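Undergrad: Before I ask anything, here is the structure I am working with.
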Amino acid sequence: MMIMYEDNPFMLKSKGHSLESSENQVLKQLQLMFRERNDIAAVIIEPVMVNAGGFIFSKRFLKELRNICSKYNVSLIFDEIQTAFGWLGTFFASDFFGVTPDIVTLGKGLSSGFPLAAIIMKEEYDVINYGEDEYTYGGHPISCAVALETIRFLENSNIFSEVMERSNLLKKLLLEMAKTNKEYIKEVRICGLIASLEFYQNKHKDFANYVYKTALYNGLVLRKSSNGFRPSLVLKPPLIVSITETERAMDLLSESIHEAAEALR
Numbered sequence: 014m015m016i017m018y019e020d021n022p023f024m025l026k027s028k029g030h031s032l033e034s035s036e037n038q039v040l041k042q043l044q045l046m047f048r049e050r051n052d053i054a055a056v057i058i059e060p061v062m063v064n065a066g067g068f069i070f071s072k073r074f075l076k077e078l079r080n081i082c083s084k085y086n087v088s089l090i091f092d093e094i095q096t097a098f099g100w101l102g103t104f105f106a107s108d109f110f111g112v113t114p115d116i117v118t119l120g121k122g123l124s125s126g127f128p129l130a131a132i133i134m135k136e137e138y139d140v141i142n143y144g145e146d147e148y149t150y151g152g153h154p155i156s157c158a159v160a161l162e163t164i165r166f167l168e169n170s171n172i173f174s175e176v177m178e179r180s181n182l183l184k185k186l187l188l189e190m191a192k193t194n195k196e197y198i199k200e201v202r203i204c205g206l207i208a209s210l211e212f213y214q215n216k217h218k219d220f221a222n223y224v225y226k227t228a229l230y231n232g233l234v235l236r237k238s239s240n241g242f243r244p245s246l247v248l249k250p251p252l253i254v255s256i257t258e259t260e261r262a263m264d265l266l267s268e269s270i271h272e273a274a275e276a277l278r
């Protein structure tokens, strides 16, 4: 088995292309590869690339990817470890984007942080018999009980609508922050309660890292992107974050940007 890593549209966009043309180029590359080879089993994709910088694939791209995979009989796998169970205001990112994958990988939000993972698949993919593959921590009773209670809570509460209310507030505050700090903040990306700020590198190559460290010192935990080509900081608050907590976090982030900028002058 061989794993191949394809270009993503966001990497191409960083080289000066528009996002739409970058998406078209990636789709064209995939279609060409599927046409020339008959040993491609699946495409694995994160609808929202959280750890890579909070990059969000467009609905158009994901729908076209679904069509291409179906045309060439290639399975489409959504990695929803980060996005499922409420973070986009829906149970799954596939619901949010209106695209049905063949397989979905799940974890984290599935059991509110308890160690548990799962996959959802179409019936024709269910070929492993019970007992063929076992794992030490697979199906742990406590984790499974927590997962069931988590799902009940999501089904019987107004959490999804509350997530979107917080998302709208977060977007408003981040866009205001970007306007105030336009010499430092290059782009704001947000989908549900997953948001990111991308910083310019012309002022200081490592500015995002300075903001990250300053925010941590001030009491705000952010995520540093791991993409290596577009320096970004990612925010992913819990689903139950309050309005007050959201506003306080944005105040701390704004203060941290100003402090980092002053320190580097």
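Reminder that position 33 of the sequence shown reads as 46 in my numbering, one-by-one numbering, no gaps. Don't be surprised by glycine CBs; every beta carbon is placed ideally from N, CA and C. All figures in this text were calculated on a predicted structure; none of them were measured in a lab.
(1) Give, in chain order, every unbroken run of the alpha helix (DSSP H) that is at least 4 residues long and sits entirely within the stretch 76 to 130.
(2) So, does the stretch 84 to 93 touch the stretch 180 to 190, judging by three or more C-beta pairs under 8 Å?
(3) Do A228 and L182 count as a contact pair if the criterion is CB distance below 8 Å?
(4) Could you tell me which uninterrupted alpha helix (DSSP H) segments, each at least 4 residues in length, are contained entirely in the stretch 136 to 175, listed from first to last along the chain?
(5) Where does D52 land, buried or exposed, given buried means 16+ other C-beta within 10 angstroms?
(6) Assuming I57 and D92 form a contact by the criterion Cβ under 8 Å, report the distance between their Cβ atoms to the nearest whole angstrom.
(7) On the CB-based measure, 16 or more other CB atoms within 10 Å of its CB, does I256 come out buried or exposed?
(8) Within 10 angstroms of the Cβ of K72, are there 16 or more other Cβ atoms? Answer buried if so, exposed if not.
(9) Between L119 and A97, is the Cβ-Cβ spacing less than 8 Å?
(10) Pop quiz: Y213 and Y197 are said to be a contact at Cβ under 8 Å. What is the actual Cβ separation, rounded to whole angstroms?
(11) Quick one: using the 10 Å Cβ neighbour count with 16 as the cut-off for buried, is Q95 buried or exposed?
(12) How about G67 and R202: do their beta carbons lie closer than 8 Å?
(13) Going by the DSSP bridge assignment, what does R202 pair with across the sheet?
(14) Pick out whichever of G126, E33, W100, S125 has its Cα sitting closest to the Cα of I172.
TA: With the given structure in hand:
(1) Counting only runs of 4 or more, we get 106 to 110.
(2) Touching, no.
(3) Along the sequence shown, read from residue 1 onward, the residue named residue 182 stands at position 169. Along the sequence shown, read from residue 1 onward, the residue named residue 228 stands at position 215. No, the pair does not count as a contact, with Cβ atoms beyond the cut-off.
(4) The alpha helix (DSSP H) runs lying completely inside the stretch 136 to 175 and spanning 4 residues or more are 154 to 169, given in chain order.
(5) Taking the first residue of the sequence shown as 1, we reach residue 52 at position 39. The residue in question, D52, is exposed, as its Cβ has fewer than 16 Cβ neighbours within 10 Å.
(6) Translated into the one-based positions of the sequence shown, residue 57 becomes position 44. Translated into the one-based positions of the sequence shown, residue 92 becomes position 79. The distance from the Cβ of I57 to that of D92 is about 6 Å, consistent with a contact at the 8 Å cut-off.
(7) The residue labelled residue 256 in the question sits at position 243 within the sequence shown. Classification of I256: exposed, given that the 10 Å Cβ count is below 16.
(8) In the sequence shown, counting from the first residue as 1, residue 72 sits at position 59. Counting Cβ neighbours within 10 Å, K72 comes out exposed, since fewer than 16 surround it.
(9) Within the sequence shown, numbered from 1, the residue matching residue 119 stands at position 106. Within the sequence shown, numbered from 1, the residue matching residue 97 stands at position 84. Yes.
(10) Position 200 of the sequence shown, counting from 1, holds the residue named residue 213. Position 184 of the sequence shown, counting from 1, holds the residue named residue 197. Contact between Y213 and Y197 is confirmed by a C-beta separation of about 6 Å, below the 8 Å threshold.
(11) As a working mapping, residue 95 is identified with position 82 in the sequence shown. Buried, because 16 or more other Cβ atoms sit within 10 Å of the Cβ of Q95.
(12) On the sequence shown, residue 67 is found 54 positions in, with the first residue counted as 1. On the sequence shown, residue 202 is found 189 positions in, with the first residue counted as 1. Yes, Cβ-Cβ distance for G67 and R202 is below 8 Å.
(13) Here the question's residue 202 lines up with position 189 in the sequence shown. Residue pairing by DSSP places R202 opposite S209 in a beta bridge.
(14) Locating residue 172 in the sequence shown gives position 159, where the first residue counts as 1. Taking only the C-alpha atoms, the option nearest I172 is W100.
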